[in-house]
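Worksheet: the structure to be examined is printed underneath.
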Amino acid sequence: MSVMIRKEIKSEVIIHATPKIVWEHLINFEKYKEWNPFILSIGGSLAKSAKMEVEIKPPNAKPMKFRPTIITVDEGKEIRWIGRLFIKGLFDGEHYFKLVKEGDTTRFIQGEIFSGILVPFMKTMIERNTLAGFQEMNLKLKKRVELSVCE
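What follows is the structure in structure tokens.
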């Protein structure tokens with residue numbers, strides 16, 4: 021019997037705009053370099069089973085590139101991908117963005133479920149750097165979307 025080691029982190033923010041407007045900004049990957057301090061670039065097709073090219077830069081860490089596979093695209097509601105370090109079960113990350121309509125606002129949730137035998141050794145990076153990156157990105161997305169609604 022094998023025991024899978026898991027760790028989930030997430031960050032949420034309320035954005036004063038509809039999920040449709042938040043979604044438009046979230047999937048406009050070409051503009052990420054203008055505002056996103058955490059995800060520097062995303063390339064590839066936003067379609068289930070597609071391979072993406074993602075570059076992230078967590079605070080206090082070097083940029084990292086990886087090629088996750090999209091596992092969910094629910095327009096206006098959710099994007100989910102999975103990335104792996106070398107082989108399944110070593111260090112896997114299932115990243116997600118969720119948009120939840122709450123009245124006239126959107127609850128934007130960004131999170132990741134890490135699993136694999138290296139998770140205990142990556143705990144500090146996950147809990148500090150990666151979570152801080154989520155928080156920074158969420159606040160920048162909120163600011164960008166809310167400014168666009170005011171224009």
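The opening residue of the sequence shown carries number 21 in my numbering; numbering runs sequentially from there.
All C-beta atoms, glycine included, are put in the ideal place defined by N, C-alpha and C.
Just so you know, these numbers come straight off a predicted model, no measurement behind them.
| query | result |
| --- | --- |
| Coarse secondary structure for V165, derived from DSSP in three states | helix |
| Cutoff 8 Å; reference K51; Cβ partners in own chain excluding five residues on either side | H45 |
| Cβ contact check for the region 157–166 and the region 79–94: 3 or more pairs under 8 Å | no |
| Identity of the residues DSSP links to E156 by a beta bridge | DSSP lists no partner for E156. |
| Minimum length 3: unbroken beta strand (DSSP E) runs contained in the region 38–92 | 59–63, 73–76 and 84–86 |
| Anticipated Cβ contact below 8 Å, G131 with G109, distance rounded | About 20 Å separates the two Cβ atoms, so there is no contact after all. |
| Closest by C-alpha distance to K77, when choosing among R148, W101, C170 and A37 | R148 |
| As assigned by DSSP and simplified to three states, the class of E98 | strand |
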